[in-house]
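Numbering (this note's numbering), first residue to last: 251 to 473.
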Ligand code: SF4
């Protein structure tokens with residue numbers, strides 16, 4: 251898919267979903283990002299809220315024991331490891347960044363538990379900078395649409411997306427593709443029959459899934 255077609259697809263999706271830029275406290279996004287690895291949003295958000303209610307700053311989190319953190323974030327995936335990483339990250343924030351979350355990708359990636367995706371998440375949602383974190387939804391949608399080839403690694407997908415997306419639109423792109431990926435371009439059985447960018451999509455299985463989802467829609471209408 252060339253840049254022009256990609257931007258046409260983004261236009262269509264922007265009109266459909268009307269996503270507004272999201273801004274939250276960088277520390278909150280950092281906690282969210284660390285907790286979210288291999289964990290569903292429905293588990294991550296309540297866990298993050300429980301922890302931040304208990305301790306809303308690096309200083310306060312350092313005062314908690316690892317057990318208290320574990321109890322607050324359970325049942326996120328790898329909660330034991332994440333409890334350790336959270337404490338280690340808060341220690342580094344206090345010792346090296348005066349308790350503030352850095353707004354530089356390289357610096358962010360020095361923090362324990364912070365990889366490429368979490369760093370980009372903090373930069374876009376916490377600081378409003380044009381970064382496009384690539385999670386499972388962004389990765390799948392980018393490959394199916396044909397923005398990148400099948401099997402492209404997330405870090406390369408991010409590079410590609412950031413190189414072809416105007417900066418003012420990059421700040422909503424993650425949220426836009428995640429929403430689209432959850433609602434229409436689902437992991438199993440995408441709803442190609444209801445897809446607003448069907449004509450632009452390069453996914454080879456789209457005719458099969460279009461017929462399948464149309465059949466499902468007809469069945470629902472008849473029942
Ligand atoms: S046509 Fe199907 S595979 Fe392509 S973007 Fe739409 S839902 Fe996804």
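Positions of the beta carbon are idealized from the N, C-alpha and C atoms, including for glycine.
| Check | Outcome |
| --- | --- |
| Rounded distance between the beta-carbons of residue 463 and residue 442, thought under 8 Å | 6 Å |
| Same chain, Cβ closer than 6 Å to residue 300, neighbours up to 5 away in sequence not counted | 322 |
| Residue 407 CB to nearest heavy atom of the ligand SF4 below 7 Å | no |
| Straight-line gap, residue 393 to residue 417 (C-alpha atoms, nearest Å) | 21 Å |
| Check: residue 395 C-beta below 7 Å from any heavy atom of the ligand ZN | Among the ligands in the structure shown, the ligand ZN does not appear; only the ligand SF4 can be found there. |
| Reference residue 284; option with closest CA among 444, 336, 309, 343 | 336 |
| The ligand SF4 heavy atom lying under 7 Å from the CB of residue 383 | no |
| When 275, 397, 340 are compared against residue 252, the one with the closest alpha-carbon | 397 |
| Separation of residue 359 from residue 319, as counted between CA atoms | 22 Å |
| Touch test, the stretch 297-313 against the stretch 401-408, Cβ-Cβ under 8 Å, three pairs minimum | no |
| Simplified DSSP state of residue 405, which is helix, strand or coil | helix |
| Burial state of residue 261 (16 or more Cβ within 10 Å) | exposed |
| Residue from 338, 345, 343, 296 whose Cα sits closest to the Cα of residue 325 | 296 |
| The alpha helix (DSSP H) enclosing residue 431, as first and last residue numbers | 417-433 |
| Three-state secondary structure (DSSP) of residue 378 | coil |
| Cβ neighbours of residue 259 in the same chain (closer than 6 Å, five flanking residues each side left out) | 447, 450 |
| Runs of alpha helix (DSSP H) lying entirely within the stretch 302-363, each at least 4 residues, in chain order | 308-313, 316-323, 329-347, 355-358 |
| Every unbroken alpha helix (DSSP H) inside the stretch 439-473 [4 residues or more] | 456-472 |
| For residue 273 and residue 425, believed in contact at Cβ under 8 Å, the rounded distance | Rounded, the Cβ-Cβ distance is 12 Å, inconsistent with contact. |
| Boundaries of the alpha helix (DSSP H) in which residue 390 is found, first to last residue | 386-395 |
| Top-ranked residue by Cα proximity to residue 373, from 391, 386, 351 | 351 |
| Simplified DSSP state of residue 274, which is helix, strand or coil | coil |
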